[in-house]
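Everything below concerns the one structure shown next.
Residue numbers (the working numbering): 96 to 162.
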């Protein structure tokens, strides 16, 4: 695995986390249904899962490319 691909594999979970945080906040803040109280935090929590995926991927990738 080269350095460019390792950056890409670490950037994808971060981009998805930013999307999930923003979309979860949007659902929670601008939703007009009562279910927004559940849906907003659930989507926001998906962003936290993406951060955990980033940490795992970063650790494994650093071991593969020996940095």
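The beta carbon of each residue, even a glycine, is placed where N, CA and C say it ideally should be.
Here the structure is a predicted model, which is why all the values come from computation and not from measurement.
Alpha-carbon to alpha-carbon, residue 140 and residue 151:
Rounded to the nearest angstrom, the two C-alpha atoms are 17 Å apart.
Return the chain-ordered list of same chain residues with a C-beta closer than 8 Å to the C-beta of residue 120, the five sequence neighbours on each side being excluded.
135 and 139, listed in sequence order.
Tell me whether residue 114 counts as near the ligand SAM, meaning its Cβ is closer than 6 Å to at least one heavy atom of that ligand.
Of the ligands one can find in the structure shown there are none, so the ligand SAM has no counterpart to examine.
What residue from 105, 99 and 100 has the CA that sits closest to residue 145's CA?
The candidate whose alpha carbon is nearest that of residue 145 is 105.
Buried or exposed: which applies to residue 112, given that a residue is buried once 16 or more other Cβ atoms fall within 10 Å of its Cβ?
Label assigned to residue 112: buried.
Are there 16 or more other CB atoms within 10 angstroms of the CB of residue 122, so buried, or fewer, so exposed?
It counts as buried.
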